[in-house]
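For the sequence shown, the working numbering begins at 3 and goes up steadily by one.
C-beta: ideal position from N, C-alpha, C; glycine also.
None of these values were measured; they are calculated from a predicted model.
Working notes for the structure below.
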Amino acid sequence: MKSQNRAWLIFSILLLSWGTLPASPFAYLADMLAEWGGFLVGPSAMPGPWQAVLVYVLLGLVLLTLLLLGRSRNRLYIAGICALAEMVHHLIYCIRTERVYPVSLAIAIGLALALLFLLIKPKSPGLWLSDAFILAIPVWLVYDGPVFALGRLLSRQGKLLPPFLPLPENAWLEKLDGTWGVPMSVWALLPLLLAVLPLVFFAGNRQKG
Numbered sequence: 003m004k005s006q007n008r009a010w011l012i013f014s015i016l017l018l019s020w021g022t023l024p025a026s027p028f029a030y031l032a033d034m035l036a037e038w039g040g041f042l043v044g045p046s047a048m049p050g051p052w053q054a055v056l057v058y059v060l061l062g063l064v065l066l067t068l069l070l071l072g073r074s075r076n077r078l079y080i081a082g083i084c085a086l087a088e089m090v091h092h093l094i095y096c097i098r099t100e101r102v103y104p105v106s107l108a109i110a111i112g113l114a115l116a117l118l119f120l121l122i123k124p125k126s127p128g129l130w131l132s133d134a135f136i137l138a139i140p141v142w143l144v145y146d147g148p149v150f151a152l153g154r155l156l157s158r159q160g161k162l163l164p165p166f167l168p169l170p171e172n173a174w175l176e177k178l179d180g181t182w183g184v185p186m187s188v189w190a191l192l193p194l195l196l197a198v199l200p201l202v203f204f205a206g207n208r209q210k211g
């Protein structure tokens with residue numbers, strides 16, 4: 003399968019299964035990256051709206067970097083690096099809270115699969131797993147942007163999103179609501195573009211599988 007077709011297929015699957023346990027290791031990675039972005043901009047004196055813009059841009063740059071790495075010889079290591087990073091992050095969190103969470107097992111399985119796919123001869127499973135970690139970032143941007151804005155709009159009308167579209171409890175998009183007189187629904191285009199444009203221009207020309 004062509005890399006761009008694989009990317010859009012995985013993106014669609016993650017988008018529709020974002021709140022489920024199988025998608026949790028990938029969602030955890032995106033949440034972790036957004037958290038790190040928040041730590042970077044948090045101590046600054048920038049207003050909240052600019053912090054939100056910077057977090058979105060940082061995630062867009064990470065997405066672009068990973069897509070470009072997918073064209074290199076190191077593409078098969080992306081899944082292992084992502085899985086190991088979130089495993090270390092989650093382990094520290096579990097030690098601090100003295101708890102084990104439902105996502106803990108899924109994260110451990112994700113790391114085990116990433117290591118296994120590095121050892122086996124067929125490379126397609128590793129490519130698919132790497133893309134799942136990469137494409138968790140644009141899916142997160144879509145949920146933090148357009149999905150969150152749509153959920154707020156529907157809630158004002160007494161309606162709810164479909165069950166397969168879990169509404170984030172908090173979103174960086176909230177900080178942009180009303181900035182320069184622009185409503186949240188318009189600002190939602192920013193994370194949407196940062197999610198979609200890198201896929202349109204850089205998801206192709208990678209290894210088939």
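Quiz item: Taking the alpha-carbon positions, what's the LEU137 to LEU11 distance?
Solution: Counting from one through the sequence shown, the residue named residue 137 turns up at place 135. Counting from one through the sequence shown, the residue named residue 11 turns up at place 9. Roughly 10 Å separates the two Cα atoms.
**Request:** Could you spell out the range, first to last residue, of the alpha helix (DSSP H) harbouring ALA153?
**Result:** Within the sequence shown, the letter at position 151 stands for residue 153. Correcting the residue identity first, residue 153 is Gly in this sequence and not Ala. Run containing GLY153: 150-158, per the alpha helix (DSSP H) assignment.
Can you tell me whether PRO127 sits near the ligand ATP, meaning its C-beta is under 6 Å from at least one heavy atom of the ligand? Judged by which ligands are present, the structure shown has none, so any question about the ligand ATP falls away.
Point to revise | Burial state of ALA1 (16 or more Cβ within 10 Å) | key: This structure cannot settle anything about residue 1, because the visible part of the chain is limited to 3 through 211.
| message | Alpha carbons only, please: which of LEU192, PRO148, GLN159 is nearest the one belonging to LEU167? | response | Here residue 167 refers to the residue found at position 165 of the sequence shown. Nearest option by C-alpha distance: PRO148.
Give the C-beta separation of PRO140 and LEU65 to the nearest angstrom, bearing in mind that I take them to be a contact with Cβ-Cβ under 8 Å. Taking the first residue of the sequence shown as 1, we reach residue 140 at position 138. Taking the first residue of the sequence shown as 1, we reach residue 65 at position 63. So it is a contact: roughly 6 Å between Cβ atoms.
| message | Let me confirm a value: MET89 is counted as buried when at least 16 other C-beta atoms fall within 10 Å, else exposed. Which label applies? | response | Position 87 of the sequence shown, counting from 1, holds the residue named residue 89. MET89 comes out buried.
Query - Within 7 Å, strictly: CB atoms of PHE135 and CYS84 - result: For this step, residue 135 is matched to residue 133 along the sequence shown. For this step, residue 84 is matched to residue 82 along the sequence shown. Cβ atoms of PHE135 and CYS84: closer than 7 Å.
Q. By a C-beta neighbour count over all protein chains shown, 10 Å radius and 16 as the cutoff for buried, is LEU31 buried or exposed?
A. One-based indexing of the sequence shown puts residue 31 at position 29. By the neighbour-count rule (16 or more Cβ atoms within 10 Å), LEU31 is buried.
Check: Going by alpha carbons, who is nearest to PRO124 out of SER14, PHE13, LYS210?
Finding: Counted from its first residue, the sequence shown places residue 124 at position 122. Of SER14, PHE13, LYS210, the residue nearest in Cα terms is LYS210.
At least 3 beta-carbon pairs within less than 8 Å: the segment 125-133 vs the segment 159-175: no
Should ILE109 and HIS91 be called a contact, given that it needs their Cβ atoms to be closer than 7 Å? By one-based count along the sequence shown, residue 109 stands at place 107. By one-based count along the sequence shown, residue 91 stands at place 89. Contact: no.
Checklist entry - When the Cα atoms are used, what is the spatial distance from GLY44 to ARG158? => result In the sequence shown, counting from the first residue as 1, residue 44 sits at position 42. In the sequence shown, counting from the first residue as 1, residue 158 sits at position 156. Taking the straight line joining both Cα atoms gives about 30 Å.
Quick one, are the C-beta atoms of PRO51 and LYS177 less than 7 Å apart? Numbered from its first residue, the sequence shown carries residue 51 at position 49. Numbered from its first residue, the sequence shown carries residue 177 at position 175. Result yes, Cβ atoms of PRO51 and LYS177 sit closer than 7 Å.
If you draw a straight line from the C-alpha of TRP38 to the C-alpha of LEU17, how long is it? Counted from its first residue, the sequence shown places residue 38 at position 36. Counted from its first residue, the sequence shown places residue 17 at position 15. Spanning the two alpha carbons is a distance of roughly 22 Å.
- [ ] Taking the CB atoms as reference points, tell me whether GLY180 and LEU169 lie closer together than 7 Å.
- [x] Looking up residue 180 in the sequence shown gives position 178. Looking up residue 169 in the sequence shown gives position 167. Not a contact, by the Cβ cut-off of 7 Å.
- Give the C-beta separation of ASP146 and LEU175 to the nearest angstrom, bearing in mind that I take them to be a contact with Cβ-Cβ under 8 Å. Numbered from 1 along the sequence shown, position 144 holds the residue referred to as residue 146. Numbered from 1 along the sequence shown, position 173 holds the residue referred to as residue 175. About 6 Å separates the two Cβ atoms, so the contact holds.
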